[in-house]
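Beneath this line is the structure, given in structure tokens, with notes to follow.
Chains as they are written, first to last, in the numbering used here: chain A, 82 to 601; chain B, 2 to 432.
What follows is the structure, encoded as structure tokens:
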């Protein structure tokens, strides 16, 4: 099917709404031609899988992954999605795409051929390119290994359930799930995990643990000799312990997996599995807006080109554009439908805007973006952005005054002590930079998620674990959920623990949550 | 590019997870179901049930920031008239203006969690550890009724069971082996005869004519279909387990029964029906109401019309026996009965009731449940002054019959526990 994008060929690739495998193959090949040769995309090999709506719900339930270990929370998710879907409150996504090599895109059998075309351009090329090229994915995820690793995880969990009972396994997994958001390395410390090796290493670790098992840790909680304590000496010892244990540590799951004294080998492995899966999703959480923007931009570009060349009919094009318009709809703040900034809308708008700045810059653009305004290479510029930015830095770097005006963005300050909100910046000359950096901050996960670290451990005493929440702007943790999570944490740690909420500016402890040691 | 059709893959990949979820939330779901049951009709259990359960055991907590307190900022789209320094009234409970933050959809602080149970799941949970006593009727293994099941072919049988395909196959084989001339061959010979005549070749014509006659003779000797070809579908009668049940609802509708008591009775009947449809493929319901006389009625009349008159319970029992004799042969039907009454009975009727129950009804019934519905007042203040007439009568019988049970119910909340108790496996009968 090479050479299909021929100016002479004016015949549409398909007519009517029905799709079949042959049409999909033909459309895919033509899109690939455009995507690779004209837009310069670089993709993993594609694997397109056709599924039913039932199977789509299944896929939703297992957090979008094709296989997953068993856990009740996935059943809960399924029940909720199903209820929403059956009551017509929520449509299903047209597609799910998995960051793996080959890149798997699920498309639904209910879609019309026009929608399949849109979905293939969106997922199999847009998302696919982003997964393969963005630095966060390159650094943190192993597209080749993820499916094998998930198989290993599923089998391992099943084996543990056979050996130790479902309840015991659930206890550990529940706890690990509660800490998943705090189970990621935010900064690269070593080469990315090779998930294929992971399986072999898991086995080695288990053998090693069996050989070197020492139950002293479990049996003896040393008593502190209250006499002759030299405070300075003690503090020195504790500092030494902290150094040896690598404290402070913000990856709570990592610390527990390595240091929790009473976990057994298989329990550590379960914690590790949760941690790996969390890490796998971490880049997606940081690049959601860009990822969707990239995919939306790519499908828009490709569909327009197909239409210009007469390769899709007017009807099919309009159907696809109708759906496109719905996806990028941004309700305003006083609209009942408003639920934050739509990542599709902002991402797509910003990328269209970059294209405009590259090709038809205004004076304002030249002033704000001297290095890219009018460079005449919109796709090169975008590819560069897709590869090297995440949501936060992308907004900080590329959000233009024109776009802030067209979104009519404004910033509101909410101080608990005041009885009214104050408008702090709007889309005008004085507000652009403030707006832009404030919006970027909202995309910074490290700032959005509470900053919690393990800071100390009384190894010589009662093994109490001290965590610290560094409080910014006086925003404390939500109390009920915090309590629940700490309970989970203590199932893994087994000894007492305390979480101090400390003000970032003054180091003052604002609040302390404590959980007593488990009695055995 | 690879394209794979996953549609034939097994469905329900998340079914095990769903079961785990239900298992985990079992307690809450059961409570929710008891509520839901109050709204249903006796026969209405063909659908699933939407339940809403409180979420504490199925919460998935994670650390997140409180939604109030401290200082925060939002960046939002759609500015119409604001300029820097404007003050806006705080929107109620902070859910309105959320900036670029991800919405806390996975926050796990939902108060309740709503989803739909399938019919199967609903009933499974409903009857979790319930079991009717002596549930498997001896008749089920007795092979009383049978149904025809295909069992190959036979050479004789009913014309309606003729298997054309088999018959024609045999006929074809026989015709080939006995080399019966085909129609085409005969037509060809006829043409040859004609051609010979036309060619003025009397000798050749005679020759082919003889051949044609030989062929026609053979055709007559070897019939197109011979009785030996004929095959019939063969059926075997295989015993069919008894899978039908009839449920008798007996209720006193005399003036002494209030709406509230009837409502209680209805719920009990409903539970029994749900239970029976679970066990049997086919369940009939017969409603019999009685005052001083009894009659079979439809559900609407049963629950909603009012009658006046005295109370003679035996009339209802007789009516039930009449219906059984007319329509429900105990050989083929599993008979269940539930009776609801406030316990009033004409004193002289007691002996008649006892003998009807003991000698006729209980021997043919799988199970007979009697519930006595009482006004809340009489039961709430400790013990009712004295057992009612009917209670005393039945009490005497209950000791000798394992398939008879009786309970008192005073308010809707007690229905489910009572039902549970009546049918629970570990039921220890007070002898």
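Glycine residues also receive a C-beta, built at the ideal position from the N, C-alpha and C atoms.
For a contact defined as C-beta to C-beta under 8 Å, what are the partners of residue i on chain B?
| i | result |
| --- | --- |
| residue 183/A | 3 |
| residue 259/A | 61, 62, 63 |
| residue 221/A | What residue 221/A touches in chain B: nothing, since even the nearest Cβ is about 19 Å away. |
| residue 508/A | 80 |
When the Cα atoms are used, what is the spatial distance from residue i to residue j?
| i | j | result |
| --- | --- | --- |
| residue 189/B | residue 235/B | 41 Å |
| residue 311/A | residue 253/A | 39 Å |
| residue 479/A | residue 435/A | 7 Å |
| residue 191/A | residue 296/B | 55 Å |
| residue 477/A | residue 73/B | 19 Å |
| residue 521/A | residue 374/A | 16 Å |
| residue 85/B | residue 506/A | 6 Å |
| residue 102/B | residue 269/B | Reliability fails at residue 102/B, whose pLDDT of 36 lies under 50, so the model's placement of it is uncertain and the value that follows must be treated cautiously. When rounded, the distance between both Cα atoms is 52 Å. |
| residue 563/A | residue 259/A | 10 Å |
| residue 60/B | residue 495/A | 29 Å |
| residue 1/B | residue 201/B | Only positions 2 to 432 of chain B appear in this structure, which leaves residue 1/B out of reach. |
| residue 100/B | residue 375/B | Residue placement at residue 100/B cannot be trusted, given a pLDDT of 39 that sits under 50; what the coordinates show is reported in the next sentence. About 60 Å. |
| residue 358/B | residue 24/B | 42 Å |
| residue 192/B | residue 209/B | 10 Å |
| residue 578/A | residue 272/B | 50 Å |
| residue 125/A | residue 10/B | 25 Å |
| residue 246/A | residue 109/A | 47 Å |
| residue 227/B | residue 175/B | 9 Å |
| residue 80/A | residue 209/A | For chain A, the structure presents residues 82 to 601; residue 80/A sits outside this window and is missing. |
| residue 511/A | residue 81/B | 17 Å |
Taking 8 Å as the threshold (C-beta atoms), are residue j and residue i in contact?
| i | j | result |
| --- | --- | --- |
| residue 421/A | residue 370/A | no |
| residue 237/B | residue 150/B | yes |
| residue 233/A | residue 79/B | no |
| residue 583/A | residue 550/A | yes |
| residue 548/A | residue 533/A | yes |
| residue 485/A | residue 463/A | no |
| residue 160/A | residue 19/B | yes |
| residue 105/A | residue 4/B | yes |
| residue 141/A | residue 158/A | yes |
| residue 387/A | residue 199/A | no |
| residue 99/A | residue 194/A | yes |
| residue 211/A | residue 341/A | no |
| residue 299/B | residue 345/B | no |
| residue 449/A | residue 482/A | yes |
| residue 178/A | residue 202/A | no |
| residue 122/A | residue 111/A | no |
| residue 217/B | residue 187/B | yes |
| residue 230/B | residue 183/B | no |
Applying a beta-carbon distance threshold of less than 9 Å, which residues of chain B neighbour residue i?
| i | result |
| --- | --- |
| residue 395/A | Simply none; closest approach about 27 Å. |
| residue 127/A | 2, 3, 4 |
| residue 136/A | 7, 8, 10, 12, 14 |
| residue 533/A | 64 |
| residue 161/A | 114, 115, 116 |
| residue 411/A | 78, 79 |
| residue 100/A | The premise fails here: residue 100/A is roughly 11 Å from chain B at the closest Cβ pair, so nothing lies under 9 Å. |
| residue 262/A | 63, 64, 65 |
| residue 516/A | 76 |
Output the boundary residues of the alpha helix (DSSP H) element that contains residue i.
| i | result |
| --- | --- |
| residue 135/A | 134-142 |
| residue 464/A | 459-469 |
At which residues does the beta strand (DSSP E) containing residue i begin and terminate?
| i | result |
| --- | --- |
| residue 296/B | 295-298 |
| residue 538/A | 532-538 |
| residue 549/A | 546-552 |
| residue 252/B | 245-253 |
Can you pull the chain B neighbours of residue i, defined as C-beta to C-beta under 7 Å?
| i | result |
| --- | --- |
| residue 133/A | 8 |
Check the Cβ of residue i against every Cβ in chain A and list those closer than 7 Å, keeping chain order.
| i | result |
| --- | --- |
| residue 87/B | 504 |
| residue 223/B | Those within 7 Å of residue 223/B in chain A number zero; the least Cβ separation is about 52 Å. |
So which residues on chain A does residue i lean against when the C-beta distance must stay under 9 Å?
| i | result |
| --- | --- |
| residue 90/B | 500, 501, 502 |
Using a cut-off of 8 Å between C-beta atoms, extract the partners of residue i located in chain A.
| i | result |
| --- | --- |
| residue 345/B | Those do not exist, as residue 345/B stays about 47 Å from chain A at its closest Cβ, beyond 8 Å. |
Is residue i a contact residue of the ligand NAD, with contact defined as CB to any heavy atom under 7 Å?
| i | result |
| --- | --- |
| residue 306/B | As presented, the structure is devoid of all ligands, the ligand NAD included, so that no description of it is given. |
### Query
Along the chain, which unbroken stretches of the beta strand (DSSP E) at least 3 residues long are found entirely within the segment 339-409 of chain B?
368-374
### Message
Threshold first: 3 residues or longer. Then list the beta strand (DSSP E) segments lying entirely within the segment 154-200 of chain A, N to C.
### Response
176-179, 184-189
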